[in-house]
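Residues are numbered in my numbering as their position in the sequence shown, beginning at 1, plus a constant of 1092. Worksheet for the structure shown next.
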Amino acid sequence: MKWLVVALVCLRLSEAALLRVPVKKFKSIREKMRENGAEEDQRTQKYDPALKYRFTNAVVEVGYEPIYYRDASFFGDLSFGTPPQKFKILFDTGSSDVWVPSALCYTITCSKHTRFDPSQSSTFTTKWKSFSVKYGSGTVNGFFGYDTISIPKQQFGLTTYMLGSTFVYSEFDGILGLGYPDLARDGVTTVLEGMVNNGIFSELIFSFYIYNLVLESPGLGPPLTSDKAPPSPTRQPLEQMWPTLPSTKALSLSSPSRKLTSRVGLGGAPGDIGRQKRGSVGWDRAGVPTMRGSPGGRHHSGA
1093 MKWLVVALVC LRLSEAALLR VPVKKFKSIR EKMRENGAEE DQRTQKYDPA
1143 LKYRFTNAVV EVGYEPIYYR DASFFGDLSF GTPPQKFKIL FDTGSSDVWV
1193 PSALCYTITC SKHTRFDPSQ SSTFTTKWKS FSVKYGSGTV NGFFGYDTIS
1243 IPKQQFGLTT YMLGSTFVYS EFDGILGLGY PDLARDGVTT VLEGMVNNGI
1293 FSELIFSFYI YNLVLESPGL GPPLTSDKAP PSPTRQPLEQ MWPTLPSTKA
1343 LSLSSPSRKL TSRVGLGGAP GDIGRQKRGS VGWDRAGVPT MRGSPGGRHH
1393 SGA
């Protein structure tokens, strides 16, 4: 799951108005660990990136990469329901679902966060359709409901079960996915789609200002509009990117012939790739351009 550290999320409402979501910075889990000396354990027992390629199962050769969420420290306040119930939300570009803990969740994971009480919202409705979202660092289960977030009758998830240390120790209550609709559970209309369908967006644009600051206390990030960034950052188009590779005899890349978004996961690729011999499907089917590199000091190129 991709988690961006964001300072402000701005969604365009009309030519004359913007929906601004100020994002507050709190101490990240990593900062708290550092203050208590807990991070020293990881410095002495460092993760070896090569471990994900040392397969122990000859049948299922799948590599795993740990995703670190400890630097996530920017969250926005969003309100759900009528009257509004406020939640601390993480904006996630690697998923498309939106959910918050519900008052029907009694696990210790939910008890550490603000929970949405449907009985206290006059605009809440539900058909009790269940949902489950599996992230790389945890799982949430619950049911779908409809209520007002920034648009009326927006469908969102209410969790009744949350599993994973991420949700125990994290500062945020829920997640708002800003990814593509293909990633949404059961074809649910995403928040961005809902804004488009309701004519709230004049353009399909939203923006982030990403930065890294160490604040002594919670504070607000700098202002940002949906159609232009603050004057301080510089934008440069990315034309080429050359990865730095360790000395090796061979480099092999593979891709499925189907959509990479067909399964929500850390890598975004279907798991059956790893069950094929060396995960080989072939880039030629995907129309990937030729890649050139010099692993081991020798020039190589291939599709």
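Beta carbons are placed, not taken as given, at the ideal position from N, Cα and C, and that holds for glycine. Since the model is a prediction, treat every value here as computed from it, not as a measurement.
Buried or exposed by the 16-neighbour rule on C-beta atoms within 10 Å, applied to residue i
{"i": "Y1227", "result": "buried"}
{"i": "S1257", "result": "exposed"}
{"i": "S1194", "result": "buried"}
{"i": "E1263", "result": "buried"}
{"i": "T1218", "result": "exposed"}
{"i": "K1180", "result": "buried"}
{"i": "D1189", "result": "buried"}
{"i": "G1402", "result": "Outside the shown range of the chain (1093 to 1395) lies residue 1402, about which nothing can therefore be said."}
{"i": "I1200", "result": "exposed"}
{"i": "S1203", "result": "exposed"}
{"i": "T1282", "result": "buried"}
{"i": "W1191", "result": "buried"}
{"i": "D1239", "result": "buried"}
{"i": "S1211", "result": "exposed"}
{"i": "G1249", "result": "buried"}
{"i": "G1269", "result": "buried"}
{"i": "G1266", "result": "buried"}
{"i": "F1293", "result": "buried"}
Cβ separation of residue i and residue j, assumed to be a contact under 8 Å, to the nearest whole Å
{"i": "S1187", "j": "L1284", "result": "No, S1187 and L1284 are not in contact; Cβ-Cβ is about 12 Å, not under 8 Å."}
{"i": "F1208", "j": "F1223", "result": "Their Cβ separation, rounded to whole angstroms, is 14 Å, which puts F1208 and F1223 out of contact at 8 Å."}
{"i": "G1237", "j": "F1259", "result": "With 8 Å as the limit, G1237 and F1259 do not qualify as a contact, their Cβ atoms being about 19 Å apart."}
{"i": "N1233", "j": "T1251", "result": "7 Å"}
{"i": "Q1177", "j": "S1213", "result": "7 Å"}
{"i": "F1167", "j": "L1182", "result": "6 Å"}
{"i": "G1286", "j": "I1243", "result": "5 Å"}
{"i": "L1196", "j": "I1241", "result": "With 8 Å as the limit, L1196 and I1241 do not qualify as a contact, their Cβ atoms being about 19 Å apart."}
{"i": "G1271", "j": "T1174", "result": "No, G1271 and T1174 are not in contact; Cβ-Cβ is about 27 Å, not under 8 Å."}
Helix, strand or coil at residue i [DSSP, three-state]
{"i": "S1194", "result": "strand"}
{"i": "I1200", "result": "helix"}
{"i": "L1182", "result": "strand"}
{"i": "F1264", "result": "coil"}
{"i": "N1259", "result": "First, the residue type needs correcting, since residue 1259 is Phe and not Asn in the sequence shown. If DSSP states are grouped into helix, strand and coil, F1259 belongs with the helices."}
{"i": "P1348", "result": "Because P1348 carries a pLDDT of 42, less than 50, the predicted location of this residue cannot be relied on, and the following value inherits that uncertainty. In the structure shown, P1348 sits in coil (DSSP, three-state: anything other than H, G, I, E or B)."}
{"i": "G1291", "result": "coil"}
{"i": "G1249", "result": "strand"}
{"i": "G1269", "result": "strand"}
{"i": "R1122", "result": "helix"}
{"i": "G1357", "result": "For G1357, the predicted model reports a pLDDT of 38, less than 50, meaning its position is unreliable; a value from the coordinates is still stated below. Three-state result, G1357: coil."}
{"i": "H1205", "result": "coil"}
Residues sharing a beta bridge with residue i, DSSP
{"i": "M1254", "result": "V1232"}
{"i": "Y1227", "result": "G1230"}
{"i": "T1217", "result": "Y1238"}
{"i": "S1211", "result": "Paired residues: none, contrary to the question."}
{"i": "S1188", "result": "None; S1188 has no bridge partner."}
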